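Here the structure comes first, spelled out in structure tokens, and everything after it is commentary.
In the working numbering, the protein residues as written are 6 to 236.
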């Protein structure tokens, strides 16, 4: 048991960390996701260059476009002065599969950036409001979003194909009345899962159930912070 002094936690959080006993390769996961993230960021940069070219062209015609291309090339000496066709263009040679990959890569940037920041803010609000049920729902929401976006980008380790043990645990109907929600830990995969239990009694029941199946379990209980104005 521990107390978190960094936020005004209004209710106890009864967690169980579950060792799934599967095969997980963090290096592969991070490598695939870093590659996808870099590809998306590169396309964002190319789109900004195109917007800059259009702006220059509007101001100075073809001469302005040439100046804009020269500026983009000077920013990155290895970049070709001409922009590649858009992945969504009907005439692009990338094809439908590559367009779908590009869309997933762009979604990954949002998932790990903007969407993650919003989710963390909502999670903090739930903890400070003493709403464990809402926090559990956010954990599940986070996992669903991660599987949908990151899963296809690293199918060897993530999503239904890459982490079947994690998915099976989170879908286990026997846990429905015992937990508010759950998700993977760290870079995800079939390594460790975390479950937010509905009570201390439910926490013990989850541990008994999963240990009976040979899984390794560790309990973690976060207690409300004590102090003026806090429960």
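Idealized CB from N, CA, C, for every residue including glycine.
Model, not experiment: these values are computed from the prediction.
Residues 160 of the same chain have their beta carbon placed closer than 6 Å to that of residue 166, with the five preceding and five following residues left out of the count. Looking at the backbone, the Cα of residue 140 and that of residue 187 are separated by about 10 Å. The Cβ neighbour count for residue 34, taken over all protein chains shown within 10 Å, is at least 16; the residue is labelled buried. Between residue 177 and residue 51, the alpha-carbon positions lie close to 45 Å from each other. The beta carbons of residue 25 and residue 195 sit about 5 Å from each other, so the pair counts as a contact at 8 Å. Here residue 113 has 38, 41, 42, 45, 154, 155, 158 as same chain residues with Cβ atoms under 8 Å from its own Cβ, once five neighbours each way along the sequence are excluded. Annotation for residue 192: 31, 34, 35 place their beta carbon closer than 7 Å to its own, counting only its chain and skipping 5 residues before and after.
In the structure shown, residue 159 falls within a coil segment according to DSSP collapsed to helix, strand and coil. The C-beta of residue 211 has 16 or more other C-beta atoms within 10 Å across all chains shown, which makes the residue buried.
Bridge pairing for residue 188: 199 [DSSP]. Assignment of beta-bridge partners to residue 124 by DSSP yields no partner.
With a contact defined as Cβ atoms closer than 8 Å, residue 215 and residue 20 miss out at about 13 Å. Bridge partners of residue 40 according to DSSP: none are assigned.
Under the DSSP assignment, residue 14 falls outside any beta strand (DSSP E); it carries neither an H nor an E label.
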